[in-house]
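For reference, the structure discussed in these notes is given below.
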Amino acid sequence: MLKTPRLSFAKYKEVVDIPPLIAIQEDSYEWFLQQHVDSNKRKPQGLQQVFSETFPIADFNNRVVLEFIGYTLGETKYTEEECRDRDVTYGVPLRVKLHLINRQSGEIREQEIFMRDMPLMTKRGTFIINGAERVIVSQLHRSPGILFSYDSQEKLYSCRLIPYRGAWVEFEIDSNNVINVRLGRKRKLPATILLKAMGYSATGEIIKLFYPDIKSLPVDEKLLEMRLVEQLKFGSIVFPIGTRITMAVIEQLQEAGVAEVKALSIEATILLNTLEKDNSVSTDDALLRLYAVLRPGEPLTQDNAKQAFEKLLFDPERYNLSEIGRYKINQKLNLNIPLDQWILTHEDIIESLKYLIKIVLKEGEIDDIDHLGNRRVRPVGELLQDQLRIGFSRLKKSIKERMTIQDIETMTPQSVMNIKPVTASINEFFGSNQLSQFMDQTNPLAELTHKRRLSALGQGGLSKERAGFEVRDVHYSHFGRICPIETPEGPNIGLIVSMAIYGKINKYGFIETPYRKVIDGVLTNEFEYLSADKETKCIIAQAGLPTDENGKLLGEVVPARFKDDFPLVPPGQINYAGAALKQIISVSTAMIPFLEHDDANRALMGSNMQRQAVPLLYTQSPMVGTGMEYFVARDSGIVAFADVDGVISRSVATKIILSGDDGKEYHYNLTKFKRSNQATCLHQRSLVKKGDRVTKGQPLSEGTGTQGGELALGKDVLVAFMPWNGYNFEDAIILSERLVRDDVFTSIHIERFEVEARDTQLGPETITRDIPNLGDEAMKDLDNDGIIRIGAFVKSGDILVGKITPKGETELTPEYKLLHSIFGEKIREVRDSSLRMPYGNEGIVIDVKYFSAKAGDDLPAGVDELVKVYVANKRKITVGDKMAGRHGNKGVIAKIVPEAEMPYMEDGTPVDIILNSLSVPSRMNIGQVLETHLGWAAQKLGVKYACPVFDGATEAEIAQELVRAGLPANGKMPLYDGKTGEKFEQEVTVGYIYILKLAHLVEDKIHARSIGPYSLVTQQPLGGKAQFGGQRLGEMEVWALEAYGASHVLQEFLTVKSDDIMGRAKIYESIVKGENASNPGVPESFNVLVHELQGLCLDVKILDEKNRVLEISNMIETRRSQETDKMLRDREMHDLADMG
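Residues in the sequence shown are numbered from 9 upward in steps of one, following this note's numbering.
Below you can see the structure in the form of structure tokens.
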């Protein structure tokens, strides 16, 4: 494949290719939909399985049956682009073929019913729902199966049988050595009650289940402390089952002439204690006791009890272990029950109790809940299947009711079907499910990592409030499956993670990772995907260990990994070796060169901040990369790659046509200046021209954030690590004016503004140029229909779309009545409700989309017309913007310095960016310094390097490259002060570093308010830029001003600048008139407090010094009039003085 050529420092040859990075999404949805499989050949999975579980449906009298034959998927109505423009869902019609069978007459009525449009996944692994691109994040949840655990605080051994759907069965052994059972989180009962309810009613029978080979033992002192497992009776003396054998018991047995007894050692204590505590005498009695716990308060009848118990654990409709659960139980308990047996068997319950007793006796193994063998992934297909099951169960209920009501002669499949529950469940899943997320489309990497994300949150998962430390922590089983670095920094840390590069999900939902086989200490080129469970049994060597030319591992012992231990073992004992050095980490983290030299916390920030990088106007792939840049571009869907060898037959701005050597034509549509979900610009341009010969896999186009078929998120700039006049204190960044002038960090942002013309109760709204009380200047860029023209420059407050709305009825004046009687037409009262450019925005109109119900466009009910205006804004880098490198080295621009004033090198080249050298040692992200050195060599030699993670350039190799480029081996150079021309005392580390401009732009955050909207209750200004609000002055800010004694400033803040209604009106007036401001009044929050107290039945009044009640409003008015009088007197005195 033709990629950007890179000089690689990798020493280790990888034998496993990097898999398609969005296969987790594509494979799962294809598993669910089986779109390309014939209707009669579909496997019982996904949507097909939901239909098979629901149908056939019979009515309550069993007269008619509705049978499912198959489903078909039609063609899409709109293209992806049209769906985005029209705000509709990209999907295909789902039609279901059903048979309605009349059991009495044998008549079959066949019908194909349209159910709804089924959302279709795009080639990029996303869904377009109501015009917005969304991603379904895969869920990481506790696997169905069996778990044995020990609670050290409670000193409890427990066993949980976890189904995919249904009630949990929990056994626990308490401090009294009694086994208790809980069914579906209800009250505890002795576990033997469950066994008796299953039909093992006799105590001896239960003992035999656990200890089938009980031998008779001679009565002597060896029996001491053992327990009897048979009842012995001599006259009036009775020894019940479970009797502890003491010397007195032995003597009595010998006196009675008993030679042998059946007894068990101390290990049987747990079972016998449980039987002692169990008061039930028969199966029926046990069932009633269980029923009393399961359904407290309901009448106790034998039939009800038996039915409830059977339904709880042994009814396939209520209880489902799933194939995974059955597989896990078989694996743990060494059973051979068929994998299609999805309900509990008696054997499961007996064997799990046996294993629990083994664990207490230290013969069994406790499970680790956080091990990836006990956590599985539910991708999009499975999540949607589970959601549909709910909708289909409601559908079944509805169909049964309709079948019972309708006349059997006129009944058809269509008449009994009610598709609303299914539609509702699909809409709910894509619209409001926690795992259906608005796609992060800031750049191609953000898009790709969003699709590879795993979340422990969501329905059936954890909540961030209840998740403890253990579930968030890095686990040894994550190796090669889940990235230990990439996770959010906030409350979701460890709950939202990313799949490792080579991770793959197997048919049971467990993550597998590839390992190279090692046979007799020889590394082979064969590899095998192992799940966490299988890996636990193997000794694994790391990738990259030294071998001879035949692949034999060198050394008497080699470092290896076994579970959570790191032993040194002889090569002959090694089972597998790592497939690649980067297999431990995720795609984002693998984009950081010299990752091995960075602290993990900073690497985490570096991984996360790459996703926030804004695609730039002029892209440049990094000079020091890791080799992963190509794979991200390949799988992001942003770049078009040639499918086959061939010749370009057409290449224009919007389309490329490739005539393949196989005789077929391949069409590639290019996106031009479209808005992404995060308002960044999506744009593709052709890299080929007509007549060019291309090979398979060659990049044909360049997309947003890519260059030459590689990811390109930032720019390589000349950096110096040094302090500069204090401007780079505390991570601040100093930039050269060159970067602004040459548009090095300029990006394009596209905003969308839309307006609807609705049919209101007072009449229809109209999109028009004819707007009342507006001059020509305001409408200079509007066309005849009142819509802004493409290419117009617009700023805050400018009209984008003119619209008028009918006003309410008003009493007509006699003149209007006269006009009405003469001309017969009523004068329309309308108000201006035009779409205006919001505050703080400006740009150029690049596109306008107009939709009308009259023209046949699909619009929501009540909407006649819809106009969307797209405004592009070119943003240069500016003071206050956030920038970052790839090593977590982030900062805010503090100053942009003229090029001439920047420090310069001996050849006169000024540096582009100055970073503080103190920001490196304490953060321990040395990778940025090594990148700086190697970047300098790359720039001088005109090459691009690949430094794969954990296999990159060594310090010696970097020094060698610097020398080869004719640069100092230590990467330092004397610099000169741009202002004075003097040489700096110390040599400075200079070089080229890859810097990203992040999506935290100051233009989106800067905000100022003079007057604006107020809260209705408190009358205080609203908060936040979106509401055009003010700054909150909290109690700590008040304390600070009090500490400075700024009493007048503070009083103004709390009154006239906030909620003193009359005062703020007066002060505005006095500013306008140029008069002195009057004193503040009583803030509205005081009235709110008074009313709050009145709500607590406390009547608060204000009294003067003579205890007379004062009205607040009167006080303020009196004081204001006194102030006005004083002001007038002062003015008269001033005028008299001037005359004098």
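Even for Gly, the Cβ is constructed at its ideal location relative to N, Cα and C.
Cα-Cα separation, residue i to residue j
i	j	result
G559	I527	10 Å
A585	A551	6 Å
Q1035	R844	16 Å
H941	R797	51 Å
E373	I367	6 Å
P956	G633	8 Å
F135	L949	45 Å
M932	D572	27 Å
Y335	R173	15 Å
L10	G635	The pLDDT assigned to L10 is 46, lower than 50, so where the model puts this residue is not dependable, and the model offers no usable value.
T821	M1070	34 Å
K803	L380	54 Å
K682	S667	28 Å
DSSP three-state assignment for residue i, whether helix, strand or coil
i	result
L81	strand
N328	strand
I351	coil
G439	helix
H483	coil
A1145	helix
P918	strand
N426	coil
I646	coil
M9	Unreliable placement is indicated for M9, whose pLDDT of 36 sits below 50; the coordinate value is still reported in the next sentence. Three-state DSSP puts M9 in coil, outside helix and strand.
Y984	strand
A687	coil
F602	coil
V23	coil
K857	strand
P772	strand
Limits of the beta strand (DSSP E) - the one that residue i falls within
i	result
D35	From DSSP, D35 is part of no beta strand (DSSP E) but of the alpha helix (DSSP H) over A31 to L41.
K991	No beta strand (DSSP E) holds K991; DSSP gives it neither H nor E.
N533	V530 to S539
E764	S755 to T768
Y158	G153 to D159
F135	F135 to I137
L503	Unbroken run through L503: none, as it is neither H nor E.
T813	K811 to P814
F4	Absent from the structure is residue 4, since the part of the chain shown begins at 9 and ends at 1148.
G899	K898 to V905
L1041	First-last for L1041: undefined, no H or E at that position.
Residue i, enclosing alpha helix (DSSP H) - first and last residue
i	result
N609	A608 to Q618
Y1076	I1069 to K1081
Y584	Premise fails: Y584 lies in the beta strand (DSSP E), Y584 to G586, not in any alpha helix (DSSP H).
L321	Q310 to F322
P452	P452 to K459
M891	Where M891 is concerned, there is no enclosing alpha helix (DSSP H), although the beta strand (DSSP E) it sits in stretches over K890 to A892.
E89	E88 to R94
Identified DSSP bridge partners for residue i
i	result
M126	V100
Y638	Answer is none; Y638 lacks a bridge partner.
R883	S755
L197	V189
G1020	In the DSSP output, where bridge partners are listed per residue, G1020 has none listed.
Inter-residue CB distance, residue i and residue j (contact presumed, cutoff 8 Å)
i	j	result
S288	K204	5 Å
V385	L538	16 Å between Cβ atoms; not a contact.
L983	A977	Not really, about 18 Å apart at Cβ, beyond 8 Å.
K704	V652	5 Å
A568	A587	No, A568 and A587 are not in contact; Cβ-Cβ is about 15 Å, not under 8 Å.
A892	M617	5 Å
Contact test: residue i Cβ vs the ligand FAD heavy atom, cutoff 7 Å
i	result
K241	Summarising the ligand content, the structure contains no ligands, and the ligand FAD is consequently not present.
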